[in-house]
Amino acid sequence: MPASSGLDLFANPVLTDPYPTYARLRKLGAVVHLDAHAVWAVPRHADVAAVLRDPNTYSSERALALTDEVNEVVLTGSVVASDGAVHARLRRVLSRQLAPRALKSLATGMHEHARALVASLPQGQVFDGVADLAAPFVADTVMRLTGLPEQDRGHVLDLADAVFDVFGPDNARTRAAMPRAEQMFTYLDRVATRQRIAPDSWLGAIHRAADQGEIDETQAVQLMLSYTVAGMDTTILAISTALHLLARHPKQWDLVRNGTVASDAVFAEALRLEAPVQFFGRRTTRDVHVGDTLIPAGDRVLLLYGSAGRDHAKWGPTADNFDVTRPDCRDHLALGLGAHQCAGNHLAAMEFAALLAALTARFPTLSPSPDETPIRRLHNILRGPRSLPLIAA
Numbered sequence: 102m103p104a105s106s107g108l109d110l111f112a113n114p115v116l117t118d119p120y121p122t123y124a125r126l127r128k129l130g131a132v133v134h135l136d137a138h139a140v141w142a143v144p145r146h147a148d149v150a151a152v153l154r155d156p157n158t159y160s161s162e163r164a165l166a167l168t169d170e171v172n173e174v175v176l177t178g179s180v181v182a183s184d185g186a187v188h189a190r191l192r193r194v195l196s197r198q199l200a201p202r203a204l205k206s207l208a209t210g211m212h213e214h215a216r217a218l219v220a221s222l223p224q225g226q227v228f229d230g231v232a233d234l235a236a237p238f239v240a241d242t243v244m245r246l247t248g249l250p251e252q253d254r255g256h257v258l259d260l261a262d263a264v265f266d267v268f269g270p271d272n273a274r275t276r277a278a279m280p281r282a283e284q285m286f287t288y289l290d291r292v293a294t295r296q297r298i299a300p301d302s303w304l305g306a307i308h309r310a311a312d313q314g315e316i317d318e319t320q321a322v323q324l325m326l327s328y329t330v331a332g333m334d335t336t337i338l339a340i341s342t343a344l345h346l347l348a349r350h351p352k353q354w355d356l357v358r359n360g361t362v363a364s365d366a367v368f369a370e371a372l373r374l375e376a377p378v379q380f381f382g383r384r385t386t387r388d389v390h391v392g393d394t395l396i397p398a399g400d401r402v403l404l405l406y407g408s409a410g411r412d413h414a415k416w417g418p419t420a421d422n423f424d425v426t427r428p429d430c431r432d433h434l435a436l437g438l439g440a441h442q443c444a445g446n447h448l449a450a451m452e453f454a455a456l457l458a459a460l461t462a463r464f465p466t467l468s469p470s471p472d473e474t475p476i477r478r479l480h481n482i483l484r485g486p487r488s489l490p491l492i493a494a
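Following the numbering used here, the numbering of the sequence shown begins with 102 at its first residue and continues without gaps.
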């Protein structure tokens, strides 16, 4: 008999600390039917990786979210919710700006921006690692590159958060987020026009692709979401989580400061331990076995990135520990794998590297505030701090 569970991954206590629940699911089997949401959960690293490597069997079309409404209304036509030739064509347009070679010219300006932001932090006093550092740095970078008005930064951040929240089940969070997610489409349709967006910006490049027939005009706004939504929230959460972990582990902060460990290893280890996106969905195109369980064609499958990153079968007995010297930390699946690996992963790594270089150059120590505790956001699929009181000295 296939393993099944009445666990609700979206209950507030589980969202607050999902890792004990993930451990229970990994013990139950390679795939577990979550009766509360009529979905198969894949909790182990090896099985999540196998699914990601087989997009022909595990389709992203009408599958990423847990409700048909979101899959069909919000995500249809997007690069993340397409497969095969359609996905390749859409991704090519994004990759021109997000490929390492294209991003190389941004490095100098990014480091200058990071140094200026870090220079404004109060030495020896509490600052918020999210509001004062990660959020403005990432949002300023994305707004500048996309060509969106700088004064709209806060509005875009708020709407981007809502787009991710609707990926969950039909719960109160999803329903509350839907109107704001729809506002994001309206905002881009109104603001990111050919008349208002600089031609040499990233959103201007999407208009050029439509003009040249590389994409359909109706796909332009969906592609813009890939820059504005995926490029902001997940990176802000990943960076602030990495800073939180470094602040709690001063010896590892020292390893980074003295050059023993590179920034990409720190970033990878933080992503492994605390994936900013905890899951994405897929739908089977044929009957398929995962472990000893047969999943029928057409069933929804939930890939638990947050669980895969803590799988003891992959990471050993220290799977729940933060260790920037972990030799295989780059094997994490937090940014996907294969055809659907996050297109913006190189940009996110560059942003973190710039901030980390600026912080380690100015401050010998980074620590949590002794008087204030971080506030974790409760979100259907995103994980990370909403506020992060830190002291750098």
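Glycine included, C-beta positions come from ideal geometry on N, C-alpha and C.
For residue i, count neighbouring Cβ atoms within 10 angstroms of its own Cβ and tell me buried if that reaches 16, exposed if not.
| i | result |
| --- | --- |
| threonine 287 | exposed |
| proline 486 | buried |
| isoleucine 316 | buried |
| lysine 352 | exposed |
| threonine 335 | buried |
| glutamate 452 | buried |
| aspartate 301 | exposed |
| leucine 395 | exposed |
| arginine 384 | buried |
| aspartate 266 | buried |
| asparagine 157 | exposed |
| alanine 450 | buried |
| threonine 329 | buried |
| arginine 431 | exposed |
| proline 495 | With the chain running from 102 to 494 in the structure shown, residue 495 is simply not present. |
| serine 327 | buried |
| alanine 84 | The displayed coordinates of the chain run from 102 to 494. Any statement about residue 84 would go beyond what the structure contains. |
| proline 201 | exposed |
| proline 397 | exposed |
| serine 364 | buried |
| serine 196 | exposed |
| proline 418 | exposed |
Which partner residues of residue i appear in the DSSP bridge assignment?
| i | result |
| --- | --- |
| phenylalanine 228 | Leu491 |
| phenylalanine 380 | Leu405 |
| proline 469 | Leu491 |
| alanine 97 | One cannot answer for residue 97 here, as it falls past the ends of the chain, which runs 102 to 494. |
| valine 391 | Thr394 |
| tyrosine 159 | Thr385 |
| isoleucine 337 | Answer by DSSP bridge pairing: none, since isoleucine 337 is not bridged. |
| proline 486 | Arg477 |
| serine 105 | His134 |
Please report the distance separating the alpha-carbon of residue i from that of residue j.
| i | j | result |
| --- | --- | --- |
| phenylalanine 228 | leucine 489 | 8 Å |
| aspartate 233 | leucine 222 | 8 Å |
| lysine 205 | alanine 273 | 42 Å |
| glycine 178 | valine 171 | 12 Å |
| arginine 192 | leucine 324 | 9 Å |
| leucine 467 | threonine 361 | 17 Å |
| asparagine 446 | alanine 459 | 20 Å |
| proline 280 | histidine 413 | 40 Å |
| arginine 276 | glutamine 284 | 14 Å |
| threonine 122 | arginine 309 | 47 Å |
| leucine 249 | aspartate 312 | 20 Å |
| threonine 461 | valine 239 | 18 Å |
| leucine 167 | isoleucine 482 | 11 Å |
| arginine 349 | alanine 343 | 10 Å |
| arginine 478 | phenylalanine 381 | 18 Å |
| proline 114 | leucine 108 | 11 Å |
| valine 149 | leucine 434 | 8 Å |
| valine 357 | phenylalanine 464 | 12 Å |
| aspartate 241 | valine 292 | 17 Å |
| aspartate 136 | valine 322 | 35 Å |
| leucine 304 | phenylalanine 368 | 27 Å |
| alanine 220 | valine 133 | 49 Å |
| alanine 131 | proline 377 | 23 Å |
Check whether the Cβ of residue i lies closer than 8 Å to any Cβ atom in chain B.
| i | result |
| --- | --- |
| glycine 255 | Although the question refers to chain B, the structure presented lacks it and comprises just one protein chain. |
Examine the ligand ATP and report whether any of its heavy atoms sits within less than 7 Å of the Cβ of residue i.
| i | result |
| --- | --- |
| leucine 456 | Annotation note on the ligand ATP: not contained in the displayed structure, which lists no ligands. |
Problem set entry | Touching by the beta-carbon criterion (3+ pairs, under 8 Å), the segment 403 to 416 and the segment 143 to 160 | Enough Cβ pairs lie closer than 8 Å, so yes.
For this session: Examine the Cβ distances between the segment 148 to 166 and the segment 176 to 196 and report whether three or more of them are shorter than 8 Å.
Result: Yes, the segment 148 to 166 is in contact with the segment 176 to 196.
Exercise. If you scan the segment 304 to 330 from start to end, which runs of the alpha helix (DSSP H) of 4 or more residues do you find wholly inside it?
Worked result: For the segment 304 to 330, the continuous alpha helix (DSSP H) assignments of 4+ residues that do not extend past its boundaries occur at 321 to 329, in sequence order.
Problem set entry | Given 8 Å, three or more beta-carbon pairs between the segment 116 to 128 and the segment 383 to 397 | These segments do not touch.
For this session: Please confirm if the segment 229 to 249 is in contact with the segment 204 to 220, defined as three or more CB-CB distances below 8 Å between the two stretches.
Result: Flag = yes, the segment 229 to 249 and the segment 204 to 220 touch.
Exercise. Counting pairs of beta carbons, one from the segment 259 to 269 and one from the segment 363 to 374, are three or more of them closer than 8 Å?
Worked result: These segments do not touch.
For this session: Check whether the segment 459 to 474 touches the segment 251 to 259, taking contact to mean three or more Cβ pairs, one atom from each stretch, closer than 8 Å.
Result: Output reads no: the segment 251 to 259 does not touch the segment 459 to 474.
Problem set entry | Length at least 3, wholly inside the segment 182 to 241: the beta strand (DSSP E) runs in chain order | Qualifying beta strand (DSSP E) stretches, in chain order: 227 to 229.
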